[in-house]
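In the numbering used here, the protein residues as written are 906 to 1055.
Below you can see the structure in the form of C-alpha coordinates.
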(Lines of atoms letter the chains of each structure in order from A and count residues from 1; the text may use other names and numbers.)
(Lines give C-alpha, C1' and ligand atoms only; values in the text may rest on other atoms or scores of the structure.)
Protein backbone atom coordinates (compact mmCIF):
# COMPACT_ATOMS: atom_id res chain seq x y z
CA UNK A 1 0.00 0.00 0.00
CA UNK A 2 1.29 3.41 -0.88
CA UNK A 3 0.45 6.75 0.77
CA UNK A 4 -2.67 7.31 -1.31
CA UNK A 5 -4.03 3.85 -0.50
CA UNK A 6 -3.43 4.48 3.21
CA UNK A 7 -5.16 7.85 3.00
CA UNK A 8 -8.14 6.32 1.20
CA UNK A 9 -8.46 3.60 3.83
CA UNK A 10 -8.32 6.17 6.63
CA UNK A 11 -10.93 8.35 4.94
CA UNK A 12 -13.29 5.41 4.37
CA UNK A 13 -12.87 4.20 7.95
CA UNK A 14 -14.01 7.62 9.14
CA UNK A 15 -16.95 7.70 6.70
CA UNK A 16 -17.60 4.65 4.55
CA UNK A 17 -20.37 6.45 2.67
CA UNK A 18 -18.16 9.12 1.10
CA UNK A 19 -18.75 9.30 -2.61
CA UNK A 20 -16.09 8.45 -5.13
CA UNK A 21 -16.27 12.02 -6.46
CA UNK A 22 -15.76 13.48 -2.97
CA UNK A 23 -12.79 11.20 -2.29
CA UNK A 24 -11.22 12.07 -5.64
CA UNK A 25 -11.57 15.80 -4.96
CA UNK A 26 -10.17 15.45 -1.44
CA UNK A 27 -7.05 13.68 -2.69
CA UNK A 28 -6.56 15.56 -5.93
CA UNK A 29 -7.01 12.63 -8.29
CA UNK A 30 -9.52 11.95 -11.03
CA UNK A 31 -12.72 10.07 -10.17
CA UNK A 32 -11.65 7.20 -12.45
CA UNK A 33 -8.31 6.90 -10.61
CA UNK A 34 -10.10 6.91 -7.26
CA UNK A 35 -12.54 4.26 -8.45
CA UNK A 36 -9.66 2.04 -9.60
CA UNK A 37 -7.88 2.49 -6.26
CA UNK A 38 -10.96 1.66 -4.18
CA UNK A 39 -11.76 -1.36 -6.35
CA UNK A 40 -8.18 -2.59 -6.01
CA UNK A 41 -8.33 -2.20 -2.21
CA UNK A 42 -11.52 -4.28 -2.18
CA UNK A 43 -10.04 -6.90 -4.52
CA UNK A 44 -6.95 -7.26 -2.30
CA UNK A 45 -9.15 -7.68 0.78
CA UNK A 46 -7.98 -4.48 2.44
CA UNK A 47 -11.50 -3.05 2.40
CA UNK A 48 -13.87 -5.77 3.55
CA UNK A 49 -17.18 -3.96 3.86
CA UNK A 50 -19.07 -0.92 5.04
CA UNK A 51 -20.87 -1.06 8.36
CA UNK A 52 -23.33 1.18 10.18
CA UNK A 53 -22.65 2.25 13.75
CA UNK A 54 -25.61 1.76 16.05
CA UNK A 55 -26.42 3.55 19.31
CA UNK A 56 -27.06 0.52 21.48
CA UNK A 57 -29.03 2.52 24.04
CA UNK A 58 -31.47 3.67 21.38
CA UNK A 59 -32.12 0.10 20.25
CA UNK A 60 -32.82 -1.11 23.79
CA UNK A 61 -29.44 -2.65 24.64
CA UNK A 62 -27.78 -0.12 26.98
CA UNK A 63 -25.85 -2.59 29.16
CA UNK A 64 -22.58 -3.82 27.71
CA UNK A 65 -20.19 -6.34 29.21
CA UNK A 66 -17.00 -8.21 28.42
CA UNK A 67 -17.20 -11.90 29.27
CA UNK A 68 -13.98 -13.88 29.39
CA UNK A 69 -14.43 -17.61 28.98
CA UNK A 70 -12.05 -20.47 29.77
CA UNK A 71 -12.75 -23.63 27.76
CA UNK A 72 -11.90 -27.29 28.39
CA UNK A 73 -10.68 -29.37 26.74
CA UNK A 74 -8.57 -26.99 24.75
CA UNK A 75 -8.73 -28.06 21.16
CA UNK A 76 -9.34 -26.35 17.86
CA UNK A 77 -12.72 -28.07 17.55
CA UNK A 78 -13.88 -26.89 21.00
CA UNK A 79 -12.61 -23.33 20.67
CA UNK A 80 -13.93 -22.76 17.15
CA UNK A 81 -17.20 -24.52 17.96
CA UNK A 82 -17.73 -22.24 20.95
CA UNK A 83 -16.77 -19.19 18.88
CA UNK A 84 -19.34 -20.10 16.24
CA UNK A 85 -22.01 -20.78 18.89
CA UNK A 86 -21.48 -17.45 20.66
CA UNK A 87 -21.46 -15.52 17.37
CA UNK A 88 -24.94 -16.84 16.71
CA UNK A 89 -26.41 -15.30 19.87
CA UNK A 90 -28.23 -11.97 19.43
CA UNK A 91 -26.53 -10.46 22.49
CA UNK A 92 -23.06 -10.90 20.99
CA UNK A 93 -21.34 -7.89 19.42
CA UNK A 94 -17.79 -9.20 19.04
CA UNK A 95 -15.82 -12.36 19.80
CA UNK A 96 -12.07 -12.58 20.28
CA UNK A 97 -10.20 -15.89 20.51
CA UNK A 98 -7.23 -15.14 22.77
CA UNK A 99 -4.16 -16.63 24.42
CA UNK A 100 -3.52 -16.61 28.14
CA UNK A 101 -5.67 -17.77 31.02
CA UNK A 102 -8.96 -17.30 29.14
CA UNK A 103 -9.63 -18.58 25.65
CA UNK A 104 -12.43 -16.33 24.43
CA UNK A 105 -13.42 -12.72 25.09
CA UNK A 106 -17.04 -11.89 24.25
CA UNK A 107 -18.43 -8.34 23.97
CA UNK A 108 -22.18 -8.37 24.59
CA UNK A 109 -24.98 -5.80 24.78
CA UNK A 110 -28.24 -6.50 26.61
CA UNK A 111 -31.36 -4.73 27.90
CA UNK A 112 -30.50 -4.76 31.63
CA UNK A 113 -28.25 -6.21 34.29
CA UNK A 114 -30.90 -8.89 34.83
CA UNK A 115 -30.71 -9.76 31.13
CA UNK A 116 -26.90 -9.93 31.46
CA UNK A 117 -27.24 -12.32 34.39
CA UNK A 118 -29.70 -14.46 32.42
CA UNK A 119 -27.42 -14.47 29.36
CA UNK A 120 -24.45 -15.66 31.42
CA UNK A 121 -26.40 -18.26 33.38
CA UNK A 122 -28.64 -19.55 30.58
CA UNK A 123 -26.40 -19.29 27.52
CA UNK A 124 -22.91 -19.85 28.90
CA UNK A 125 -22.57 -21.64 32.22
CA UNK A 126 -24.55 -24.70 31.14
CA UNK A 127 -22.30 -25.45 28.20
CA UNK A 128 -20.07 -28.47 28.89
CA UNK A 129 -16.95 -26.88 27.39
CA UNK A 130 -17.12 -23.81 29.65
CA UNK A 131 -14.67 -24.36 32.52
CA UNK A 132 -14.97 -20.85 33.92
CA UNK A 133 -15.88 -17.29 33.09
CA UNK A 134 -15.70 -13.74 34.34
CA UNK A 135 -18.08 -10.93 33.48
CA UNK A 136 -17.09 -7.25 33.56
CA UNK A 137 -19.69 -4.55 32.95
CA UNK A 138 -18.60 -1.84 30.53
CA UNK A 139 -19.09 1.70 31.89
CA UNK A 140 -18.03 3.48 28.72
CA UNK A 141 -17.23 2.29 25.22
CA UNK A 142 -15.54 4.38 22.55
CA UNK A 143 -14.37 3.10 19.22
CA UNK A 144 -11.60 4.47 17.06
CA UNK A 145 -13.21 4.24 13.64
CA UNK A 146 -10.11 5.42 11.82
CA UNK A 147 -6.92 4.07 13.38
CA UNK A 148 -3.82 5.53 11.85
CA UNK A 149 -2.03 3.50 9.21
CA UNK A 150 1.36 2.21 10.24
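Backbone N, C-alpha and C define an ideal beta-carbon position, used for all residues, glycine too.
For residue 939, count neighbouring C-beta atoms within 10 Å of its own C-beta (all shown protein chains included) and say buried if the count is 16 or more, exposed if not. Taking the first residue of the chain shown as position 1, residue 939 is located at position 34. That one is buried.
Quick check: the Cα distance between residue 1006 and residue 1020, rounded to an integer number of angstroms? In the chain shown, residue 1006 corresponds to position 101, counting from 1. In the chain shown, residue 1020 corresponds to position 115, counting from 1. If you take the alpha carbons of residue 1006 and residue 1020, they lie about 26 Å apart.
Residue 1041 to residue 972, Cα distance in whole Å? Reading the chain shown from its first residue, position 136 is the one you call residue 1041. Reading the chain shown from its first residue, position 67 is the one you call residue 972. Answer to the nearest angstrom: the Cα atoms are 6 Å apart.
Which residues bound the beta strand (DSSP E) around residue 1037? Locating residue 1037 in the chain shown gives position 132, counting from the first residue. 1035-1043 is the span of the beta strand (DSSP E), which, as asked, contains residue 1037.
Contact defined as beta carbons within less than 8 Å: I believe residue 913 pairs with residue 946. What is the distance between those atoms, to the nearest angstrom? To locate residue 913, count along the chain shown from 1; it is residue 8. To locate residue 946, count along the chain shown from 1; it is residue 41. Sure, about 7 Å apart at Cβ, within 8 Å.
Residue 968 and residue 1030 look like a contact to me (Cβ under 8 Å); what is the Cβ gap, rounded to whole Å? Position 63 of the chain shown, counted from the first residue, corresponds to residue 968. Position 125 of the chain shown, counted from the first residue, corresponds to residue 1030. With 8 Å as the limit, residue 968 and residue 1030 do not qualify as a contact, their Cβ atoms being about 18 Å apart.
Cβ of residue 1015 within 8 Å of Cβ of residue 1009? Residue mapping note: residue 1015 aligns to position 110 of the chain shown, counting from 1. Residue mapping note: residue 1009 aligns to position 104 of the chain shown, counting from 1. Judged by beta-carbon spacing, residue 1009 lies beyond the 8 Å limit of residue 1015, meaning their Cβ atoms are not closer than that value.
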